[in-house]
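> I'd like to ask you about the structure that follows.
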Amino acid sequence: MNSDPREDYDKTTPLSGSIFAVTHSEVGEKTHWKRRLAIRIYPLALLISDVFLIVAIFSIGIYIHSDADLLGAVSRRVLLAILLPSIIGVYLVGGYNYATDKRTYRFISEHIIMSVGVAVLTFCLIYSVVAYGVDLKSPRLVVGGALLLFPVVSIFYRVVLGRLQSYFERKNTVCIIGAGQRARDLYRRLVARDIAHDFVVVSFDASRIGQRLIEGDEESPFVENSKAVTFQSSIRGKYVENYIVATPMEKLPHEFSRRMVSALFQRHKIYTYEAYLAHALRIEPPSQLTINWPMLDGFRLNRSVSYDRIKRLCDIGAALLGIVFASPFLIGTALAVKLTSKGPIIFRQERTGHREKSFMILKFRSMRVGSEKGPKYTQVNDARLTPIGKFIRKTRLDELPQLWNVLVGDLSLIGPRAEWVDLVKGYEERFPFYHFRHAVKPGITGWAQVNYSYGANDEDTLEKLNFDLYYVRRYSLTLDVAIVVKTFYMVLFGKGM
């Protein structure tokens, strides 16, 4: 019996042809004609919608502001100066690409950043170039209103389109190549997040074929022969949205790898296990964690000194403004805490900060005095919470005093959660490389906080660590804006604990 399943695969599938060759067996049905038609029409439909939207917003603004004839009042040069940069900006962030997931906070944050840049560029263009030597009739208020309102409407309707796109693709299939530990981990994550609609799992190991991917789980799919993967557009009539290689690349049969690379050049969505976790789930793949992890490509922290300084200035400015504008909430929450339970208003606790330097964090007390002597993890509907405690935690009002920590430099507005020093000691013993999360300053809100609830056990802590390390590696303005957007959403709609 052959000990290496790759040998059997290569014997039955001869090597031939270039990786760029397009053959019927490789591309075959290519894709369902409805999907292909949608992909072709989609950019044009969005482009026409955006042009109509910008023209309508600008024209309505002129009509409301001016009593003159609309056609005479609208400056075509100003309209063009608004239209072109706005369209180009949306194009640059993937706003006309069918494959761009427009429901993600990453897309929204990129759209916001782009819109700010477009607004600055457009104002400079209009009032230094277009208006040179000409008396423009277009008021700055109307121009500014168009540049503000278009991104808001654009983001909104693209998010709605993204949800509709997801709904119509609900029967799509994810093909997992491999049936080992990585495949089981990936399957559990996809099911937990309700990302995949159907699964096909294949293996090169003949002993795994016909078995459940997860033994004892009647919902998990059966493992099939790897020859079922032809890298056509569908398997058993179901459109394959993603192929995810959960087998180490060096263990793939050579001919399978050749066909896989050929399919990749034909724009099939094929990911390695690590790439898919980072791309779709936005976590740092646990398998990449070694002492040399900071040397990997994409580790931006050590190359972002300027952004670090800019972020500190933003922290100081935001903290000062936050203390001023949040003063009614600070006073109201302080009174609510004092009137509903005995004990101090402010809770102080030693936390681990940047580069493992400890500091004293400030929060409105949400638990009864002495609760820190009980379980170290906060539970759902924790009995130790005060009458007002659950509410101020859910709305994040308990974290308002941390604005002082931000002002003095203990915290940033955005970063990993600052953990209790007693917990950190245990985490560093149980979770190798936990200390990497201390490479950046902790924050009031962060990537783990907006994507995962409070940790209730070590398993939750490890999951949150994956999000924190994703942030550390991809430390950037885009990610910070995405976190701010998602934080506002969670506060406004009461998401999270």
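Quick note on this note's numbering: the sequence shown kicks off at 1284 and runs consecutively.
Where a beta carbon is used, it is the ideal one built from N, C-alpha and C, also for glycine.
Among Y1753, E1742 and V1691, which one has its Cα closest to the Cα of H1721?
Here the closest residue by C-alpha is Y1753.
> Would you list the one or two residues that DSSP bridges to M1643?
DSSP, once it has assigned bridges, lists E1633 as partnering M1643.
> Out of T1669, I1574 and F1548, state which residue places its alpha-carbon closest to the alpha-carbon of Q1515.
The shortest C-alpha separation from Q1515 is found at F1548.
> I'd like the ranges of any alpha helix (DSSP H) spanning at least 4 consecutive residues and lying wholly in the region 1443-1530.
The region 1443-1530 contains these whole alpha helix (DSSP H) runs: 1464-1476.
> Taking 6 Å as the limit between beta carbons, can you name the residues of its chain near L1762, skipping five residues before and five after?
Excluding positions up to five away in sequence, the list is empty.
> When the Cβ atoms of the region 1337-1352 are set against those of the region 1392-1409, are three or more pairs found closer than 8 Å?
As far as the Cβ criterion goes, the region 1337-1352 does not touch the region 1392-1409, which means the pair count is below three.
> Starting from T1616, trace the alpha helix (DSSP H) in both directions and tell me its first and last residue.
Taken as a continuous stretch (DSSP letters only), the alpha helix (DSSP H) holding T1616 covers S1610 to T1623.
> Which term fits Q1732, buried or exposed, when burial requires 16 or more other beta carbons within 10 angstroms of its beta carbon?
Result: buried.
> What do you reckon, are the CB atoms on E1633 and H1718 nearer than 8 Å?
Cβ atoms of E1633 and H1718: not closer than 8 Å.
> Does DSSP put L1752 in a helix, a strand or coil?
Helix.
> Ends of the beta strand (DSSP E) at T1728?
Residues G1726 to T1728.
> Please state whether the Cβ-Cβ distance between G1729 and P1684 is less than 8 Å.
Cβ distance not < 8 Å, so G1729 and P1684 don't count as in contact.
> Which residue spans inside the region 1538-1585 form an unbroken alpha helix (DSSP H) run of at least 4?
Segments of the alpha helix (DSSP H) lying fully in the region 1538-1585: 1556-1562.
> Any idea what DSSP makes of I1599, helix, strand or coil?
If DSSP states are grouped into helix, strand and coil, I1599 belongs with the helices.
> Identify the continuous beta strand (DSSP E) that holds I1247 and give its terminal residues.
Missing from the structure shown is residue 1247; the chain here goes from 1284 to 1780 and no further.
> Is the beta carbon of I1644 sitting closer than 8 Å to the one on N1688?
Against a cut-off of 8 Å, the Cβ pair of N1688 and I1644 comes out as a contact.
> Would the region 1504-1513 and the region 1468-1486 be scored as touching if the rule is three or more Cβ pairs under 8 Å?
They touch, by the three-pair rule.
> Pop quiz: L1366 and V1334 are said to be a contact at Cβ under 8 Å. What is the actual Cβ separation, rounded to whole angstroms?
Between V1334 and L1366 the Cβ distance is about 7 Å, and since that is below 8 Å, they are a contact.
> With a 10 Å radius around its C-beta and 16 neighbouring C-beta atoms as the bar for buried, classify A1339 as buried or exposed.
Exposed, because fewer than 16 other Cβ atoms sit within 10 Å of the Cβ of A1339.
> To which residues of the same chain is L1560 closer than 7 Å at the C-beta, ignoring the five residues directly before and after it?
For L1560, where only same-chain residues beyond five positions count, the Cβ hits under 7 Å are I1566 and P1568.
> Within the continuous beta strand (DSSP E) that includes I1791, where are the two ends?
This structure does not reach residue 1791, given that the chain is present from 1284 up to 1780, and the question cannot be answered.
> Span of the alpha helix (DSSP H) holding R1359?
First-last of the alpha helix (DSSP H) with R1359: R1359 to L1375.
> DSSP state of L1336, grouped into three classes?
In this structure, L1336 counts as helix in the three-state DSSP scheme.
> Let me know if S1781 comes out buried or exposed under the rule of 16 or more other beta-carbons within 10 Å of its beta-carbon.
The question about residue 1781 has no answer, for the chain in this structure spans 1284 to 1780.
> Among the candidates A1619, G1427, G1445 and F1439, whose CA atom is the shortest distance from the CA of T1383?
Of A1619, G1427, G1445 and F1439, the residue nearest in Cα terms is G1445.
> Return the CA-CA distance between G1378 and L1330, expressed in angstroms with no decimal places.
Cα to Cα, the separation comes out at about 9 Å.
> Given this structure, state the Cα-to-Cα distance separating A1617 from S1759, to the nearest angstrom.
Their backbone Cα atoms lie some 35 Å apart in a straight line.
> DSSP has L1232 in a bridge; who is on the other side?
Any question about residue 1232 goes unanswered here, given that the chain covers just 1284 to 1780.
> Around the Cβ of A1765, are there at least 16 other Cβ atoms within 10 angstroms (buried) or fewer (exposed)?
The residue is buried, with at least 16 neighbouring Cβ atoms inside 10 Å.
> Decide if L1694 is buried, meaning its Cβ has at least 16 other Cβ atoms within 10 Å, or exposed.
Burial call: buried.
> Do you know how far the Cα of N1749 is from the Cα of V1767?
When rounded, the distance between both Cα atoms is 19 Å.
> Could you tell me which residues DSSP puts in a beta bridge with L1424?
Looking at the DSSP assignment, L1424 forms no beta bridge with any residue, so it has no partner.
> Specify the secondary structure class of L1330 as computed by DSSP and reduced to three states.
In the structure shown, L1330 sits in a helix (DSSP, three-state: H, G or I).
> Are the beta-carbon atoms of S1649 and L1668 separated by less than 8 Å?
Contact flag set, yes.
> Assuming P1715 contacts L1572 (C-beta within less than 8 Å), just tell me the rounded distance between them.
Going by Cβ atoms, the distance from P1715 to L1572 rounds to 7 Å, so yes, they are a contact pair.
> In three-state terms, what does DSSP make of L1680?
L1680: helix per DSSP, three-state reduction.
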